[in-house]
Amino acid sequence: MKSFLNINFSKSSLCESIIATSKVIREDFSSESVWIDLIKLVEDAKIYVFSEKNEYKKLEKLLELFYTKWNFGGASGIYNLSDLLWIDYVLKTHQGTAVSLGIILLHIAEKLNLHLVPIIFPTQLILKSNLSSNKNVFLINPLNGEILNNHILEVWLKGNISPTAKLYKNDLNDAKPLSVIRKMLDNLKSALMEEQKMELALNVSNVILQIAPNDPYEIRDRGLIYAQLDCEHVALTDLIYFVENCPDDPISEIIKLQIHAIEQKKILLH
Numbered sequence: 025m026k027s028f029l030n031i032n033f034s035k036s037s038l039c040e041s042i043i044a045t046s047k048v049i050r051e052d053f054s055s056e057s058v059w060i061d062l063i064k065l066v067e068d069a070k071i072y073v074f075s076e077k078n079e080y081k082k083l084e085k086l087l088e089l090f091y092t093k094w095n096f097g098g099a100s101g102i103y104n105l106s107d108l109l110w111i112d113y114v115l116k117t118h119q120g121t122a123v124s125l126g127i128i129l130l131h132i133a134e135k136l137n138l139h140l141v142p143i144i145f146p147t148q149l150i151l152k153s154n155l156s157s158n159k160n161v162f163l164i165n166p167l168n169g170e171i172l173n174n175h176i177l178e179v180w181l182k183g184n185i186s187p188t189a190k191l192y193k194n195d196l197n198d199a200k201p202l203s204v205i206r207k208m209l210d211n212l213k214s215a216l217m218e219e220q221k222m223e224l225a226l227n228v229s230n231v232i233l234q235i236a237p238n239d240p241y242e243i244r245d246r247g248l249i250y251a252q253l254d255c256e257h258v259a260l261t262d263l264i265y266f267v268e269n270c271p272d273d274p275i276s277e278i279i280k281l282q283i284h285a286i287e288q289k290k291i292l293l294h
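Right, dumping it as structure tokens:
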């Protein structure tokens with residue numbers, strides 16, 4: 025696997041960074057075809073909004089184009105979650121998650137000089153408009169283009185976090201590009217593990233550990249992946265690291281059982 029650390033995030037846009045990261049993880053990821061698709065979308069979007077001079081009207085037209093004309097949105101029916109996260113697949117199917125759709129929409133908006141920023145809300149990624157010609161701030165659901173308000177966000181929190189959850193100002197802080205990348209990678213790793221695509225999940229985990237080298241929870245997940253790949257020796261090292269660094273975590277007791285099972289298996293094999 026190529027080094028994730030070779031990517032220069034300070035000089036790359038969020039979309040460029042995601043594409044470069046995806047290429048590190050997946051050998052068959054074609055950044056060239058992705059850029060061809062994105063350039064075509066940007067060109068079509070420029071033509072579609074050309075007649076609008078007002079930034080808000082231009083944003084309205086972009087959302088109409090993206091969600092109604094192009095039919096980007098969430099998936100329905102039976103699908104692999106990982107397919108909704110890989111940017112190349114999303115560009116082909118027009119079906120994605122809030123993160124993957126948000127990244128594509130952010131890229132197009134940037135090329136149209138429409139300033140949108142990502143927010144990692146507790147339930148999902150959302151987008152915020154900072155239009156210079158309009159003092160009102162608009163919050164957008166990247167899954168469907170819906171304009172959000174505080175009431176909707178509080179309903180999300182109460183339905184997904186806790187019935188007593190409240191909306192706080194820092195829930196709507198702008199997210200740094202690396203935080204969005206980490207969010208997408210966390211989702212991707214979980215999806216790949218669920219789908220038993222362990223080699224790819226390991227690649228994702230190794231990339232995350234280049235972002236946060238000493239994260240015991242990420243090291244735990246890598247250990248669980250190694251165990252699935254029958255790499256017991258490396259798995260033990262990672263799982264023991266987690267138990268030693270997070271002894272009070274309730275999951276530690278389960279991990280201890282897994283460590284014991286791996287050690288017993290090694291004894292039987294020898």
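So in this note's numbering, spot 35 of the sequence shown is number 59, and the numbers just go up one at a time.
Here a beta-carbon is modelled for each residue, glycine too, at the ideal position from N, C-alpha and C.
In the DSSP assignment, residue 266 falls within the alpha helix (DSSP H) that extends over 256 to 269. Annotation: residue 44 to residue 210 spans about 17 Å, alpha carbon to alpha carbon. If you keep only unbroken alpha helix (DSSP H) runs of at least 4 residues inside the segment 165 to 228, you get 174 to 184 and 201 to 218.
Of all alpha-carbon atoms in 69, 227, 81 and 200, the one lying nearest the alpha-carbon of residue 94 is that of 69. Cα atoms of residue 144 and residue 186: separation of roughly 18 Å, rounded to the nearest angstrom. Here the alpha carbon of residue 52 sits roughly 10 Å from the alpha carbon of residue 112. With distances taken between CA atoms, residue 50 lies nearest to 231 out of 178, 231 and 172. Note that the C-beta distance between residue 213 and residue 199 is not below 8 Å.
Taken through DSSP and simplified to helix, strand or coil, residue 98 comes out as coil. Rounded to the nearest angstrom, the gap between the Cα atoms of residue 147 and residue 174 is 14 Å. Of the other Cβ atoms in all chains shown, fewer than 16 fall within 10 Å of the Cβ of residue 257; this residue is therefore exposed. Contact check for residue 129 and residue 119: beta-carbon distance about 14 Å, past the 8 Å limit, so the pair fails to qualify. For residue 237, the secondary structure class from DSSP, reduced to helix, strand or coil, is coil. Put simply, the backbone Cα of residue 63 is about 11 Å away from that of residue 56.
When the Cα atoms are used, residue 137 and residue 237 turn out to be separated by approximately 36 Å.
The shortest CA-to-CA distance from residue 78 to any of 202, 155 and 91 is the one to 155.
Short of 8 Å from the beta carbon of residue 250, and not among the five residues preceding or following it, lie these beta carbons of its own chain, in chain order: 226, 256, 258, 259 and 262. Residue state for residue 75 is assigned as coil, using DSSP reduced to three classes. Separation of residue 282 and residue 183 (C-alpha to C-alpha, rounded to the nearest whole angstrom) is 33 Å. Look at residue 153 here: in three-state DSSP terms it is strand. DSSP places residue 248 in the helix class (H, G or I) of the three-state scheme. By the beta-carbon neighbour count (other beta carbons within 10 angstroms, threshold 16), residue 247 is buried. The three-state secondary structure of residue 90, taken from DSSP, is helix. Only residues of its own chain outside the window of five on either side were considered, and among them 167 have a CB closer than 6 Å to the CB of residue 98, listed in chain order.
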